[in-house]
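A short write-up of the structure that comes next.
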Amino acid sequence: MKKSFKLTGLDCAHCAAKIEGAIAKLEGVTAVSVNFLTQKLTLEADDSRYEAILAEAKKLIHKVEPEADLNA
Amino acid sequence: MTKKQKKLLLRILVAAILFCVGMLLQILPQTAATPLYIRLILFLACYAVIGWDILWKAFSNILRGQIFDENFLMSLATIGALILGEYAEGVAVMLFYQVGEWFQSYAVAKSRRSIASLMDIRPDHANVERNGKLLQVDPEEVQLGETILIKPGEKVPLDGIVLSGSSTLDTAALTGEALPRDIQPGMEIISGCINQTGILRVRTTKPFGESTVARILDLVENSSEKKARTEAFITRFARYYTPFVVCAALALAILPPLLTSGSFADWVYRALTFLVISCPCALVISIPLSFFGGIGGASKCGVLVKGSNYLEALANTEIIVFDKTGTLTQGSFSVSEIHAIGMPPEKLLELAAHAEAFSNHPISLSLRQAYAGKIDHNRICDVEETAGQGISAIVDGHRILAGNQKLLAARGIACPPCDVADTVIHLAVDGTYAGFIRIEDMLKPDAAAAIRNLKACGIRRTVMLTGDTEVAGRKAAQRLQLDEVYTQLLPADKVERVEQLLQELRQNSRKGRLAFVGDGVNDAPVLARADVGIAMGALGSDAAIEAADIVLMTDEPMKIVTALQIARKTIRIAHENIFFALGVKLLILALGALGFASMWAAVFADVGVAVIAILNAMRALRTGSFLPPPAAAPLPTAIRKAA
Numbered sequence: 003m004k005k006s007f008k009l010t011g012l013d014c015a016h017c018a019a020k021i022e023g024a025i026a027k028l029e030g031v032t033a034v035s036v037n038f039l040t041q042k043l044t045l046e047a048d049d050s051r052y053e054a055i056l057a058e059a060k061k062l063i064h065k066v067e068p069e070a071d072l073n074a
Numbered sequence: 003m004t005k006k007q008k009k010l011l012l013r014i015l016v017a018a019i020l021f022c023v024g025m026l027l028q029i030l031p032q033t034a035a036t037p038l039y040i041r042l043i044l045f046l047a048c049y050a051v052i053g054w055d056i057l058w059k060a061f062s063n064i065l066r067g068q069i070f071d072e073n074f075l076m077s078l079a080t081i082g083a084l085i086l087g088e089y090a091e092g093v094a095v096m097l098f099y100q101v102g103e104w105f106q107s108y109a110v111a112k113s114r115r116s117i118a119s120l121m122d123i124r125p126d127h128a129n130v131e132r133n134g135k136l137l138q139v140d141p142e143e144v145q146l147g148e149t150i151l152i153k154p155g156e157k158v159p160l161d162g163i164v165l166s167g168s169s170t171l172d173t174a175a176l177t178g179e180a181l182p183r184d185i186q187p188g189m190e191i192i193s194g195c196i197n198q199t200g201i202l203r204v205r206t207t208k209p210f211g212e213s214t215v216a217r218i219l220d221l222v223e224n225s226s227e228k229k230a231r232t233e234a235f236i237t238r239f240a241r242y243y244t245p246f247v248v249c250a251a252l253a254l255a256i257l258p259p260l261l262t263s264g265s266f267a268d269w270v271y272r273a274l275t276f277l278v279i280s281c282p283c284a285l286v287i288s289i290p291l292s293f294f295g296g297i298g299g300a301s302k303c304g305v306l307v308k309g310s311n312y313l314e315a316l317a318n319t320e321i322i323v324f325d326k327t328g329t330l331t332q333g334s335f336s337v338s339e340i341h342a343i344g345m346p347p348e349k350l351l352e353l354a355a356h357a358e359a360f361s362n363h364p365i366s367l368s369l370r371q372a373y374a375g376k377i378d379h380n381r382i383c384d385v386e387e388t389a390g391q392g393i394s395a396i397v398d399g400h401r402i403l404a405g406n407q408k409l410l411a412a413r414g415i416a417c418p419p420c421d422v423a424d425t426v427i428h429l430a431v432d433g434t435y436a437g438f439i440r441i442e443d444m445l446k447p448d449a450a451a452a453i454r455n456l457k458a459c460g461i462r463r464t465v466m467l468t469g470d471t472e473v474a475g476r477k478a479a480q481r482l483q484l485d486e487v488y489t490q491l492l493p494a495d496k497v498e499r500v501e502q503l504l505q506e507l508r509q510n511s512r513k514g515r516l517a518f519v520g521d522g523v524n525d526a527p528v529l530a531r532a533d534v535g536i537a538m539g540a541l542g543s544d545a546a547i548e549a550a551d552i553v554l555m556t557d558e559p560m561k562i563v564t565a566l567q568i569a570r571k572t573i574r575i576a577h578e579n580i581f582f583a584l585g586v587k588l589l590i591l592a593l594g595a596l597g598f599a600s601m602w603a604a605v606f607a608d609v610g611v612a613v614i615a616i617l618n619a620m621r622a623l624r625t626g627s628f629l630p631p632p633a634a635a636p637l638p639t640a641i642r643k644a645a
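As they're listed, the protein sequences go chains A and B. Heads up: the first sequence runs through residues 3 to 74, numbered per our numbering. Heads up: the second sequence runs through residues 3 to 645, numbered per our numbering.
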């Protein structure tokens, strides 16, 4: 399953790259991209565990940049 | 400005005032007597106002195991300066860092807005007819085959066929074309255009997700996922840059004072300047922004680019291979020459157009189009069409024969021999040969100019591939001044030919790329094989959008030049940013290590460079000057009078 989310509150493109790198290492993630300019996060992952993976991704985002918000 | 930006601006102003007061106390001789602690309090207050959130973020990030972010580095550098007794400098660095951050966030927001305005082709609603009522709904809710109403000033929300109403459509947002299109019932219209004059009733032919506007938006928004090599390089570079600079700072603070007898304070100060420069943000943000700007600017000109990598490849293109029919030529017949015997050419054309008045053959259509005048059906009688030969009819009481040599030969009329490159219609009036009309697939009006401009841009080889005959192919290539032409090729031969060219290119040039330009309908395999596949005339053609890497919405060859210029400009800006940002950083690092650069310079190397690089990247958005001049009004059919 592939879904796009709006990721706001990122200060710098470096943080976007860090978030992208961290989420890509999660188990079950097939592809992830964070676009700092369009403020878009696209996550492609296992259908069965999608919600769980998304929750973990949110935690990672919070860890890198506490001010960032992820919305559907 | 967002709330966040306003707040930061206010803090910057307050801190700046406090800072100025502190500095004045320090500099003016009249106030030299003020006790040190008053100045100290002023500076510390200033530092607290401007830097509390940075300190807090650094602290909380360390608790979460995130060190080495810019908050931590700035905190360390400024606190270090304060401890060394450089109060003014420590405070100023924090102040300027925040000023830079503010500019950076402002510039990013501004570029986001300009990009968003480029993407402003998404329709917000559709007026759909349901059970005799008109409802305003989200375009995504409209089903296939429903009837929608589009009022003047509204965007066409979904692709469809016009049932009733006539209007003009502004397609500029999709094609960059300034001239509006006339729309009549029965015509297909494309979502994303703006309805200008009349009300249109339209039956939808695609759901929103598959409509042109949704596909274009999707394509442009996702284009940044296919990263150019330059971008990938920067991402890799940034990963090693920060840890390297921080380690170098550490070494600089410890090793020299131990090895030589220099003072710790001096070397620690130098190390702190390193920390200020260590964030790679200027690079990490400005390179993708340049590419995104280039892609956005291109889409404004009616050129869709599917990824930064293709923009990069196009900029390095050395060979351009063209398909002939439909790419360099119009792909439809029109009259190119009238050779009349015993009457003016206009008269011959008039007779031919009337004789062919009732035929639907493409040749008849092109004759009527060339005639342009009104056809009076009362002047025509006794029409007889012989398939594969031509037409016999009585016009104004004269027996007209219009067709190929066979038609005339069957009635005992001899024709002069003719060039076989084009289609020729021979005419006879009352049994006497009256001349011929030559019909050919005309070159596009801007094709020759496009080839000339491409060569001027430094394209080394221009090659044409065609399935057409040798004579027709050579003639076209000669008129366009193409370097090479290969004729009588089947689609599979075209792939083979392109592969051969690719091989030759690789042997001679490491960076050079090959682009293929086609109409996207039947050359998908070649489009895929070339380094850059360019499809033209793609507005509304799904196959072309699917197969190509770069899509030209209109069918003008000049748009290839536009695309090439945009690609070159974008790459140039990206390279400028890399050299500028890296150059300044390395320079300040070197000067800092030697003790010549103060922390002030370091702050400039960090945020100042970032802001300048972002502003430079924004230039990639401006592509208006690359549009070819608007095409002259519909070209009068070229009628060359035979000598």
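Using N, Cα and C, we set each Cβ at its ideal position, and we do this for glycine too. Values in this document were obtained by computation on a predicted structure and should not be read as measured data.
TODO: Measure from the C-beta of Ala-70 (chain A) to each C-beta in chain B and report whether the shortest distance is under 9 Å.
DONE: Taking CB atoms only, Ala-70 (chain A) has no neighbour in chain B less than 9 Å away.
Task: Contact list for Ser-1 (chain B) against chain A, beta-carbon separation under 8 Å - done: In this structure chain B extends from 3 to 645, so residue 1 (chain B) is not present and cannot be described.
TODO: Write down every uninterrupted run of the alpha helix (DSSP H) in the region 154–225 of chain B whose length is 4 residues or greater and which is fully enclosed by it, in chain order.
DONE: Considered as a whole, the region 154–225 of chain B harbours 174–177, 214–224 as its complete alpha helix (DSSP H) runs of no fewer than 4 residues, in chain order.
Open item on the list: Taking the straight line between their C-alpha atoms, what separation do you get for Leu-623 (chain B) and Leu-306 (chain B)?
Closed with: CA-CA distance, Leu-623 (chain B) to Leu-306 (chain B), rounds to 14 Å.
Task: Helix, strand or coil at His-400 (chain B) according to DSSP, with G and I counted as helix - done: In this structure, His-400 (chain B) counts as strand in the three-state DSSP scheme.
Open item on the list: Give me, in chain order, the residues of the same chain whose beta-carbon lies closer than 7 Å to that of Asp-557 (chain B); leave out the 5 immediate sequence neighbours on both sides.
Closed with: Within the same chain, and ignoring the five residues on either side of Asp-557 (chain B) in sequence, the residues whose Cβ sits closer than 7 Å to its Cβ are Met-538, Gly-539.
- [ ] Go through its chain and collect everything with a Cβ distance to Ser-280 (chain B)'s Cβ below 6 Å, but skip five positions before and after it.
- [x] The residues are Leu-75, Thr-244, Val-247, Val-248.
Task: Proximity test, Cβ basis, 9 Å: Asn-37 (chain A) and chain B - done: Nearest CB-CB separation between Asn-37 (chain A) and chain B: below the 9 Å threshold.
Task: Nearest-angstrom beta carbon gap, Gln-68 (chain B) and Lys-65 (chain A) [assumed within contact, 8 Å] - done: Correct: roughly 7 Å between the Cβ atoms.
Open item on the list: Within 8 Å, do at least three Cβ pairs link the region 597–615 of chain B to the region 147–157 of chain B?
Closed with: No, the region 147–157 of chain B is not in contact with the region 597–615 of chain B.
TODO: May I have the straight-line CA-CA distance separating Ala-635 (chain B) from Pro-182 (chain B), to the nearest angstrom?
DONE: The predicted position of Ala-635 (chain B) is uncertain, since its pLDDT is 41 and thus under 50; a value taken from the coordinates is nonetheless stated next. Near 12 Å, if we compare the C-alpha coordinates of Pro-182 (chain B) and Ala-635 (chain B).
TODO: Rank B:Ala-355, B:Val-101, B:Ala-128 by C-alpha distance to the C-alpha of Val-204 (chain B) and give the top, closest one.
DONE: Nearest C-alpha to Val-204 (chain B) among B:Ala-355, B:Val-101, B:Ala-128: B:Ala-128.
Task: Option nearest Gly-82 (chain B) by Cα separation, candidates B:Arg-66, B:Leu-38, B:Val-110, B:Val-278 - done: The residue from B:Arg-66, B:Leu-38, B:Val-110, B:Val-278 with its alpha-carbon nearest to that of Gly-82 (chain B) is B:Val-278.
TODO: Look at Val-337 (chain B) and Gln-371 (chain B) and say whether their C-beta atoms are less than 9 Å apart.
DONE: A contact, by the Cβ cut-off of 9 Å.
Task: Status (buried if at least 16 other CB within 10 Å, exposed otherwise) for Arg-217 (chain B) - done: Counting of Cβ neighbours within 10 angstroms places Arg-217 (chain B) among the buried residues, the total reaching 16 or more.
- [ ] Could you have a look at Gln-332 (chain B) and say whether DSSP puts it in helix, strand or coil?
- [x] Residue state for Gln-332 (chain B) is assigned as strand, using DSSP reduced to three classes.
Task: Under 7 Å from the C-beta of Thr-40 (chain A): neighbouring residues of chain B - done: Neighbours of Thr-40 (chain A) on chain B, chain order: Glu-223.
Task: Endpoints, alpha helix (DSSP H) assigned at Ile-581 (chain B) - done: Residue 581 (chain B) is actually Phe in this sequence, not Ile. Unbroken alpha helix (DSSP H) run through Phe-581 (chain B): 560–596.
TODO: Examine chain B for any beta-carbon lying closer than 9 Å to the beta-carbon of Asp-48 (chain A), and answer yes or no.
DONE: Not closer than 9 Å to any Cβ of chain B, the Cβ of Asp-48 (chain A) fails to qualify, so no.
TODO: Assuming Tyr-49 (chain B) and Met-96 (chain B) form a contact by the criterion Cβ under 8 Å, report the distance between their Cβ atoms to the nearest whole angstrom.
DONE: Contact check for Tyr-49 (chain B) and Met-96 (chain B): beta-carbon distance about 6 Å, within the 8 Å limit, so the pair qualifies.
Open item on the list: With a threshold of 9 Å between beta carbons, is Val-31 (chain A) in contact with chain B?
Closed with: Not one chain B Cβ lies under 9 Å of Val-31 (chain A).
Task: Coil, strand or helix - Met-3 (chain A) by DSSP - done: Coil at Met-3 (chain A), not helix or strand.
Open item on the list: Check whether the region 292–306 of chain B and the region 562–577 of chain B touch, using three or more Cβ-Cβ pairs below 8 Å as the test.
Closed with: As far as the Cβ criterion goes, the region 292–306 of chain B touches the region 562–577 of chain B, which means the pair count is three or higher.
- [ ] Put His-363 (chain B) into one of helix, strand or coil per three-state DSSP.
- [x] Coil.
Open item on the list: Can you check whether the C-beta of Ala-19 (chain A) is within less than 9 Å of a C-beta belonging to chain B?
Closed with: Flagged as an interface residue toward chain B: Ala-19 (chain A), by a C-beta distance shorter than 9 Å.
TODO: Compare the beta carbon distance of Ile-201 (chain B) and Val-158 (chain B) with 9 Å and say whether it is the shorter of the two.
DONE: No, these two residues do not count as a Cβ contact at 9 Å.
Task: Own chain, CB closer than 8 Å to Ala-530 (chain B), minus 5 neighbours either side, in chain order - done: Excluding sequence neighbours, Ala-530 (chain B) sits near Ala-549.
Open item on the list: Rounded to whole angstroms, what is the Cα-Cα separation between Glu-67 (chain A) and Asn-579 (chain B)?
Closed with: Just so you know, the alpha carbons of Glu-67 (chain A) and Asn-579 (chain B) end up roughly 26 Å apart.
Open item on the list: Between Ile-63 (chain A) and chain B, is the shortest Cβ-Cβ distance under 9 Å, so that the two count as touching?
Closed with: Taking 9 Å as the threshold, the shortest C-beta distance from Ile-63 (chain A) to chain B does not fall below it.
Open item on the list: For a cutoff of 9 Å on Cβ pairs, would you count Pro-282 (chain B) as touching chain A?
Closed with: Cβ-Cβ to chain A under 9 Å: yes for Pro-282 (chain B).
Task: At least 3 beta-carbon pairs within less than 8 Å: the region 508–522 of chain B vs the region 309–318 of chain B - done: By the Cβ test, the region 508–522 of chain B is in contact with the region 309–318 of chain B, since at least three Cβ pairs between them sit closer than 8 Å.
TODO: Over the uninterrupted alpha helix (DSSP H) stretch that includes Gln-2 (chain A), give me the two end residues.
DONE: Look at the range of chain A in this structure, 3 to 74, and you will see that residue 2 (chain A) is not part of it.
Open item on the list: Here's the rule: buried if 16 or more other CB atoms are within 10 angstroms of the residue's CB, otherwise exposed. What is Asp-495 (chain B)?
Closed with: Around the CB of Asp-495 (chain B), fewer than 16 other CB atoms lie within 10 Å, so the residue is classed as exposed.
- [ ] Pick helix, strand or coil for Gln-138 (chain B), following the three-state DSSP scheme.
- [x] Strand at Gln-138 (chain B).
Task: Element boundaries [beta strand (DSSP E), containing His-356 (chain B)] - done: Per DSSP, His-356 (chain B) lies in no beta strand (DSSP E); the unbroken alpha helix (DSSP H) holding it starts and ends at 347–357.
Open item on the list: Under DSSP, the beta strand (DSSP E) around Asp-71 (chain A) begins and ends at which residues?
Closed with: From DSSP, the beta strand (DSSP E) with Asp-71 (chain A) extends over 71–73.
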